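Count the sequence shown with full-length UniProt numbering and you get residues 1 to 171, in order. A short worksheet on the structure shown next.
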Amino acid sequence: MIISLVGYMGSGKSHISKILSDKINFKLIDLDKEISRRNKLTIPEIFEKKGEIYFRKLERETLEEILATQENIVLSLGGGTPAYYNNMEIINNNSKSVFLRASIATLAERISKQKEKRPLIAKISDEDLPEFIAKHLFERNVFYGKAQFSINTDNKNPEDIINEITEKLYL
């Protein structure tokens, strides 16, 4: 079984995937880290040197390869992954998808501290960040909303989120 965690940057996908994979003894794959490893470049370097279109193609190829395996995997996806090509359809057809939802205020608070690691928001001021997130969520929620399960992560500790995921997936 593959469990795919989807959601906006800062929703907790990376953190929750680590804890969940340990708890259920599944292999952990972070899609962005896997792309970086294979290409020997960080995600910001790929964006800077080759552009977003190139990155999205790499992302799609890597996603397809991972989803084609028969391993037990917790897959942490990039925030934009579901919004390109027919990625969300492929994710749903080949894994159990879980949307980790968080409020705009929560997301802005979390990602404002990580701007240097996030090329899409690196140059956005903290005061403009909530508006940027709101616009992005408006565009992406149609894709995130196609996930098979949805969990609100606001004001919840990781253990509660993990318990909700394992209950919904009967693990």
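Glycine residues also receive a C-beta, built at the ideal position from the N, C-alpha and C atoms. Computed from a predicted model, the values in this text were never measured in an experiment.
Assuming residue i and residue j are in contact, meaning their beta carbons sit under 8 Å apart, how far apart are those beta carbons, in whole angstroms?
i      : j     : result
TYR8   : GLY79 : 5 Å
ILE29  : ILE66 : 6 Å
ASP119 : ILE53 : A small fix is needed here, since residue 119 is Pro in this sequence, not Asp. Contact doesn't hold; Cβ gap of about 14 Å is too wide.
Could you tell me the alpha carbon to alpha carbon distance between residue i and residue j, rounded to whole angstroms?
i      : j      : result
PHE55  : PHE47  : 7 Å
ASN152 : LEU5   : 13 Å
MET88  : THR69  : 17 Å
LEU75  : MET1   : 11 Å
ILE124 : ILE165 : 33 Å
LYS117 : ILE133 : 16 Å
GLU139 : ASN86  : 15 Å
LYS146 : LEU77  : 14 Å
ASN25  : GLN114 : 29 Å
GLY51  : LYS156 : 36 Å
LYS135 : VAL142 : 12 Å
ASP128 : LEU137 : 14 Å
If I measure Cβ to Cβ from residue i and keep anything under 8 Å in the same chain, skipping five residues before and after, which residues do I get?
i      : result
ILE162 : ILE16, ILE19, LEU20, LYS23
LYS49  : LEU41
LYS168 : VAL98, PHE149, ILE151
PRO158 : GLY12, HIS15, ILE16, ILE19
ASN39  : ILE46, LEU58
Can you name, in chain order, every residue of its own chain whose Cβ lies under 7 Å from the Cβ of residue i, other than the five neighbours on each side?
i      : result
TYR144 : VAL6, GLY7, PRO82, PHE99
ASP126 : SER112
Output yes or no for whether 8 Å exceeds the beta carbon distance between residue i and residue j.
i      : j      : result
SER95  : ILE3   : yes
SER14  : LEU107 : no
LYS27  : ASN72  : yes
ALA102 : ASP160 : no
Ignore the nearest five residues each way along the sequence and tell me which others in residue i's own chain have a CB closer than 6 Å to its CB.
i      : result
ILE91  : SER4, SER97
PRO130 : ILE104, ALA108
TYR84  : ARG56
LEU31  : LEU77, GLY78
ARG110 : GLY10
Less than 7 Å separating the Cβ of residue i from some heavy atom of the ligand NAD?
i     : result
LYS40 : Only the bare structure without any ligand can be found here, which leaves the ligand NAD out of the picture.
Inter-stretch contact (C-beta, 8 Å, three-pair minimum) for the segment 23–40 and the segment 54–68: Between the segment 23–40 and the segment 54–68, the count of C-beta pairs closer than 8 Å reaches three or more; the two stretches touch.
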